[in-house]
């Protein structure tokens, strides 16, 4: 059987890497599209499958194509969402590191002023009275504490996205294999009219139903957000460090 490779490459920059899916499609296994669209909710009996194998092939292939298209759509959406999360994660990490560095320098200057009893303290061309320095140290620490859960959520979210991508890719491979096997099973049905082959075809419906149910339970919303109840959600951290 002639086959060709359709390669769907979805690149993700940052923590994860590259999502690559390679799908084998059996060219000769594709049935002709029926003149009248087939009912996607139709329940086929063994007798109907044996009587109309070509129609059943078209119906099954239609279901598999729909599930394949939905997973490819979600994989593409996931890639775009993941890139956005990586960008936001990096922006947050950079800002948190900037605040950590500023706070470390101010803490060092504060400790020295305390030891020498020399106030106000000067740092980076700025002058801080004791109370002001204490207030900035407290606010910057609260700001960092507020954002640490979000930083952790980014890591967790990216892990979930990578796991979802692997699940979609695995399902796509299974669907491709099922389409090839379906064509072979139908050939045996036409030759043998055996119940064993009919049972094999019916199992495809069960697998498809299971995969469809699993897909409906997978969330597409995996991008974390800063909680609206964060203590410092409205704090202008840049002004605080100026």
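In the working numbering, the protein residues as written are 83 to 324.
Backbone N, C-alpha and C fix where the C-beta goes; we use that ideal spot for every residue, glycine too.
Query, Result
"Sequence-distant residues of its chain with Cβ nearer than 7 Å to residue 156 (five each side left out)", "250, 302"
"Per DSSP, the bridge partner or partners of residue 203", "210"
"Residue 185: first and last residue of the uninterrupted alpha helix (DSSP H) it sits in", "135-198"
"Other residues of its chain near residue 287: CB distance less than 6 Å, five sequence neighbours each side excluded", "none"
"Assigned exposure category for residue 118 - 16 Cβ within 10 Å defines buried", "Any answer about residue 118 is weak, because its pLDDT of 41 lies below 50 and its placement is not dependable; what the coordinates show is given next. By the neighbour-count rule (16 or more Cβ atoms within 10 Å), residue 118 is not buried but exposed."
"Contact check, residue 178 vs residue 233, beta carbons under 8 Å", "yes"
"Given residue 244 as reference, the closest of 169, 152, 161, 190 once Cα atoms are compared", "161"
"Simplified DSSP assignment, three categories, for residue 251", "helix"
"For residue 253 and residue 151, the rounded distance between their alpha carbons", "11 Å"
"Sub-8 Å separation of residue 149 and residue 257 beta-carbons", "yes"
"8 Å Cβ cutoff met for residue 264 and residue 142", "yes"
"Beta-carbon separation (whole angstroms), residue 222 vs residue 290, contact threshold 8 Å", "Incorrect: roughly 55 Å between the Cβ atoms, too far for contact."
"Endpoints, the alpha helix (DSSP H) within which residue 321 is located", "319-322"
"Residue 163 to residue 306 span [Cα, whole Å]", "11 Å"
"Cβ neighbours of residue 51 in the same chain (closer than 6 Å, five flanking residues each side left out)", "Absent from the structure is residue 51, since the part of the chain shown begins at 83 and ends at 324."
"Proximity winner among 295, 218, 285, 270, relative to residue 319 (alpha-carbon distances)", "218"
"Residue from 191, 170, 185 whose Cα sits closest to the Cα of residue 236", "170"
"Residues near residue 324 by beta carbon distance below 6 Å, same chain, minus five either side", "none"
"Which listed residue (181, 293, 269) has its alpha carbon closest to that of residue 230", "181"
"Local Cβ density within 10 Å of residue 115, reported as buried at 16 or more and exposed below that", "Residue confidence is low: residue 115 scores 41 on pLDDT, short of 50, so the model does not pin down where it sits. No coordinate-derived value is stated."
"Simplified DSSP state of residue 225, which is helix, strand or coil", "helix"
"Under the three-state DSSP convention, the category residue 293 falls into", "helix"
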